[in-house]
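**Student:** Just so you know, the working numbering puts 526 at position 452 of the sequence shown, and the rest follows in order with no gaps.
Structure provided below as structure tokens; questions to follow.
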Amino acid sequence: MKRLNWIVFASFATILGAWLIALYGCGGGGGPIRVTPAPEGPPSPTAEFLALLPEGQRGATFVGSERCADCHGGRQAQVEPIYVSWSQTKHAKFNVGCEHCHGPGSKHAEAPTTENILTYPNITRSIVCGQCHGPSYEDHKRSKHFEAVEELVDPNFVGSNPRLYVATCYRCHSSPFRVEQVDHKLSVGKTRDEIDTAITALTNDQLMAYLPVTHETASCVNCHDPHRNTQYLNKEGKQAMLRYAIQSTDTTDIAPGTPPKQHTTFNHICAHCHNGRGVNPADSALETGTARPGMHYSNQYNMLLGTGGVEGTGPVVRYIEQHTNAPGQCTYCHMPNGRHIMTVSYDISCAPCHTPADAYRAQALRSKIELDLYALRVRMENWARQQDFNNDGQPDNDPDLWNYWALVPAEKQSLSRTIQGRIPIQVKRARHNYYFVLRDESFGIHNPPYTRHLINVANFELDSIGAPRIVPEALLTRVSRQQIRNALQADLERMKASAFLDR
Ligand code: HEC
Ligand code: HEC
Ligand code: HEC
Ligand code: HEC
Ligand code: HEC
Ligand code: HEC
Ligand code: HEC
Ligand code: HEC
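So, in structure tokens, the structure goes:
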């Protein structure tokens, strides 16, 4: 390992020596690149990067991008050859060559195999880019995208059903799987059906092979195409080699009533993962989907676009609202100044539309939505208390049986399951909206008018079966804001556990 480090470092130093001038200073102006200033030279490959190289590549030396062009000028039928498209990128202009990402290529150029060049799955790791893009990488490391959901990388758990947990969940929960099986194929022009067929054809062993290499949920190359400038510009209209558009109002894959999709292929850099996975507010779906809420943990795009909740019988209003139309949508608020932690900055993300004096309105909206959701929950509990589900001729006084059966305490699940048919559709509509708003987790901000509308509709539904109204503010004499937050959080946690009963 030590020896390899030295060899590769030496080769980099030689080859890159001439590029020093070009690279030096390119990180100026708060730019993204960490370039070690002279006299040390450009960044050397880190031990972490070198550890990714396959055995067959060890000891190889650098041959330069022109050599790769001999063979990788035209391998892909549907798109421009890699070398050609790469040569039009900023990377080419700054002499970031094939081997900066794929490692030294002498052995591969002599006898090409996939065993002597850095390729899938390890090429998808963010550290490949993190060698140079220090600040973006440091940000990304602090985001949830840098982690994997624990259960989903546990072989004992996943091994029970790799066709479900890998072939389905990994489309959004595993960077190497997603890059190789979905993103890359879309970028070379494969259709969703072709992608689905290819994934279905993978053997259990091939699926399980993604477990030990899944470290990140989403890495740099789920969002960035490493080889080409794309037509998808950032919100300032600048090239950022983005794989998908940052803005869309497309709902083809998520319109209510469409069958759940394993993955969506509508063109949106966040929404192809952050969508509710087939959330369907139709009565027929609410009558049959009684185990758990019918939306995945990730219905933010649906909320932003105002689709997926039970909307009542009034005139059809499309809630495409002020925040739906923020330039860059998700990226405007979640990537202020291009930063990659994905958390909102109330200072930067809301300007210039709002002033700092507006900040209290965000807090006020959140508190109000939390309270209204909690009040809706209490109302459903009160309704349940009055029911005689155990048929003993009197009200059960049990607050839990309004809920989906997988979310009630374990000892009541079998009873809850048997009585789902006796829960009126009005309660099913109300609980759908309750979970739809809760699960989005922005507590109103993603789409304030739509959020309020869904809570109103839920309350009208409960009115129509005579469930007594309650005044949300009156609850505050009995429970604190913190207790309310805890109760909502507990519902989110129960939903998380139920995700593993997923389709
Ligand atoms: C002499 C022709 C030749 C040269 C030169 C060459 N390659 Fe390759 N490369 C191939 C062939 C053929 C394959 C497919 C090997 C296989 O499937 O076993 C390949 C595969 C690859 C792969 C893996 C693709 C995959 O689908 O997993 C990468 C990455 C790659 N080459 C990068 C490079 C880089 C970087 C260079 C320059 C340092 C280079 N190649 C130079 C012929 C070449
Ligand atoms: C900025 C880093 C970077 C540079 C520079 C780069 N690659 Fe890649 N390459 C990647 C990553 C990451 C992947 C996997 C993601 C993907 O397939 O889109 C990949 C995938 C590939 C593949 C396999 C997929 C395919 O399209 O066949 C080949 C072959 C390849 N690169 C060759 C090259 C060649 C040749 C060059 C130089 C002309 C080059 N790469 C430059 C990062 C890079
Ligand atoms: C060897 C260093 C190096 C590596 C490795 C590297 N980059 Fe870069 N990258 C650069 C430089 C230099 C620039 C141009 C800097 C500038 O514009 O200030 C750049 C620019 C970019 C840009 C802006 C493109 C544009 O047109 O403005 C993106 C996006 C990017 N890199 C993504 C990546 C990704 C994703 C990877 C990993 C697959 C990667 N880079 C790997 C050095 C590198
Ligand atoms: C269409 C993309 C997509 C698919 C497919 C998908 N998920 Fe998710 N999942 C997400 C997104 C995005 C989030 C993060 C949402 C958030 O944090 O608000 C998430 C969050 C989760 C969480 C909560 C994680 C946490 O740390 O709180 C669990 C658990 C989960 N998913 C399980 C699964 C399981 C199990 C499957 C397969 C049966 C699956 N997911 C399939 C997109 C998807
Ligand atoms: C979840 C998607 C996503 C991931 C993951 C991601 N990026 Fe980005 N990246 C974006 C978007 C969107 C932009 C454009 C943001 C903007 O300027 O509004 C961007 C912009 C950039 C830029 C250009 C910044 C500038 O201001 O010129 C660089 C460089 C970059 N990303 C590198 C990386 C690197 C390196 C990683 C991994 C460590 C990474 N990105 C991971 C989505 C992503
Ligand atoms: C490849 C799928 C994928 C893409 C693309 C993606 N995400 Fe995520 N994102 C996830 C998953 C899965 C999680 C949850 C991970 C976990 O809990 O471990 C997540 C987590 C998050 C979180 C943290 C949620 C929390 O509960 O703390 C935010 C915020 C977020 N993503 C925003 C974005 C934005 C903004 C974009 C687009 C620029 C984006 N994501 C693109 C899959 C994705
Ligand atoms: C108008 C600004 C805005 C837009 C646009 C926006 N968000 Fe948000 N988002 C927020 C705010 C504010 C929160 C609450 C987070 C907080 O208080 O830290 C939030 C919360 C979230 C969360 C839960 C995060 C957590 O920490 O619990 C996720 C995930 C998320 N947003 C993803 C997205 C995605 C994906 C999009 C695009 C479909 C999007 N957001 C569009 C402002 C926005
Ligand atoms: C692209 C411009 C834009 C951005 C960015 C934006 N907003 Fe708004 N927001 C609006 C407009 C327009 C309204 C409607 C007019 C009003 O109520 O001020 C609004 C309304 C609101 C409301 C009142 C909603 C209601 O109906 O009660 C809150 C709260 C809010 N925004 C918070 C935020 C927060 C927090 C952010 C940043 C995370 C943000 N907004 C980002 C344009 C924007």
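Just so it is clear, CB atoms sit at the ideal spot from N, CA and C, and this is done for glycine as well.
#1: Could you tell me whether the Cβ atoms of Ser293 and Ile415 are closer together than 8 Å?
#2: Is Tyr306 a contact residue of ligand 8, with contact defined as CB to any heavy atom under 7 Å?
#3: Looking only at its own chain, which residues have a Cβ that is under 7 Å from the Cβ of Gly99, when we skip the five neighbours before and after it?
#4: So Pro229 is in the alpha helix (DSSP H); what residue range does that whole segment cover?
#5: Thinking C-beta only, is Ala125 closer than 8 Å to Pro178?
#6: From what residue to what residue does the alpha helix (DSSP H) around Tyr41 run?
#7: Residue ranges of each beta strand (DSSP E) run of no fewer than 3 residues wholly in the segment 467-519, ordered along the chain?
#8: Inspect the beta-carbon positions of Gly350 and Pro333 and report whether they are closer than 8 Å.
#9: Going by DSSP, name the residue or residues bridged to Leu316.
#10: The alpha helix (DSSP H) that contains Asp144, what's its start and end?
#11: Are Thr364 and Gln255 closer than 8 Å when you measure CB to CB?
#12: Going by C-alpha to C-alpha distance, which of Phe136, Tyr157 and Arg132 sits closest to Asp144?
#13: Pull up the CB-CB distance for Val262 and Thr198, whole angstroms please, since I reckon it's below 8 Å.
#14: Between which residues of its own chain and Asn354 is the CB-CB distance below 7 Å, once the five residues before and five after are set aside?
#15: Can you name, in chain order, every residue of its own chain whose Cβ lies under 8 Å from the Cβ of Gln500, other than the five neighbours on each side?
#16: Would you check if the distance between the CB atom of Leu512 and the CB atom of Arg366 is smaller than 8 Å?
#17: Under 7 Å: does the beta carbon of Ala436 sit that close to some heavy atom of ligand 6?
#18: For Ala449 and Ile544, what's the separation of their Cα atoms in angstroms?
#19: What's the C-alpha gap between Ser580 and Ala480?
#20: Nearest-angstrom Cα distance between Leu257 and Val390?
#21: How about Gln403: is its Cβ closer than 7 Å to a heavy atom in ligand 3?
#22: Of the choices Arg451, Lys486 and Ala548, whose alpha-carbon is the least far from that of Leu562?
#23: Tell me where the alpha helix (DSSP H) around Arg266 begins and ends.
#24: Going by C-alpha distance, which of Gln437, Leu475, Val202 and Trp160 is nearest Ala121?
#25: For Asn303, which three-state DSSP category applies?
#26: Hey, out of Val482, Thr338 and His146, whose CA is closest to Cys243's CA?
#27: Could you have a look at Tyr371 and say whether DSSP puts it in helix, strand or coil?
#28: Can you tell me the Cβ-Cβ gap for His348 and Ser372, rounded? I've got them flagged as a contact below 8 Å.
#29: How many Å lie between Ile95 and Phe168 at the Cα?
#30: With a threshold of 7 Å on Cβ separation, who are the neighbours of Thr525 within its own chain once the five nearest residues in sequence on each side are excluded?
#31: Between the segment 315-323 and the segment 395-408, are three or more C-beta pairs nearer than 8 Å?
#32: From Val287 to Phe220, what does the alpha carbon distance come to, in whole angstroms?
#33: Asp474 to Gln461, Cα distance in whole Å?
#34: I need the boundaries of the alpha helix (DSSP H) containing Gly208, first residue and last residue.
**Tutor:** To lay it out plainly:
#1: Contact: no.
#2: Relative to the non-hydrogen atoms of ligand 8, the Cβ of Tyr306 never comes closer than 7 Å to any of them.
#3: Residue placement at Gly99 cannot be trusted, given a pLDDT of 28 that sits under 50; what the coordinates show is reported in the next sentence. None.
#4: It spans Pro229 to Val232 - the alpha helix (DSSP H) in which Pro229 sits, taken as one unbroken run.
#5: Taking 8 Å as the Cβ cut-off, Pro178 and Ala125 do not qualify as a contacting pair.
#6: Outside the shown range of the chain, which is 75 to 577, sits residue 41, and nothing can be said about it.
#7: List check, beta strand (DSSP E) in window: nothing returned.
#8: Cβ distance not < 8 Å, so Gly350 and Pro333 don't count as in contact.
#9: According to DSSP, Leu316 bridges with His298.
#10: Where Asp144 is concerned, the enclosing alpha helix (DSSP H) stretches over Ser139 to His146.
#11: If you check the CB distance, Thr364 and Gln255 do not come in under 8 Å.
#12: Nearest of Phe136, Tyr157 and Arg132 to Asp144, Cα basis: Tyr157.
#13: The C-beta separation of Val262 from Thr198 comes to about 16 Å, leaving the pair out of contact by the 8 Å criterion.
#14: Result list for Asn354: Pro330, Gly331 and Gly368, in chain order.
#15: Result list for Gln500: Glu535, Leu536, Ser538 and Ile539, in chain order.
#16: Contact flag unset, no.
#17: In this structure, the C-beta of Ala436 stays at least 7 Å away from each heavy atom of ligand 6.
#18: Whole-angstrom Cα-Cα distance: 7 Å.
#19: With the chain covering 75 to 577 only, the question about residue 580 has no answer from this structure.
#20: Note that residue 257 corresponds to Asp in the displayed sequence, not to Leu. So the two alpha carbons sit approximately 35 Å from each other.
#21: No; taking the cut-off as 7 Å, the Cβ of Gln403 has no heavy atom of ligand 3 nearer than that.
#22: Answer by Cα proximity: Arg451.
#23: Unbroken alpha helix (DSSP H) run through Arg266: Arg266 to Thr274.
#24: Among Gln437, Leu475, Val202 and Trp160, the Cα nearest to that of Ala121 belongs to Val202.
#25: Coil, per DSSP.
#26: The residue from Val482, Thr338 and His146 with its alpha-carbon nearest to that of Cys243 is Thr338.
#27: Tyr371 carries a coil assignment under DSSP once its states are collapsed to helix, strand and coil.
#28: Cβ atoms of His348 and Ser372 come within 8 Å of each other, at about 5 Å.
#29: Residue confidence for Ile95 is low, a pLDDT of 27 falling below 50, so the modelled location carries little weight; the figure read from the coordinates is stated next. As the crow flies, the alpha-carbon of Ile95 is around 10 Å from that of Phe168.
#30: Only Ile443, Val511 and Gly518 meet the Cβ criterion.
#31: Touching, per the Cβ criterion.
#32: If you take the alpha carbons of Val287 and Phe220, they lie about 13 Å apart.
#33: Each residue's alpha carbon lies about 11 Å from the other.
#34: For Gly208, the enclosing alpha helix (DSSP H) stretches over residues Gly208 to Lys215.
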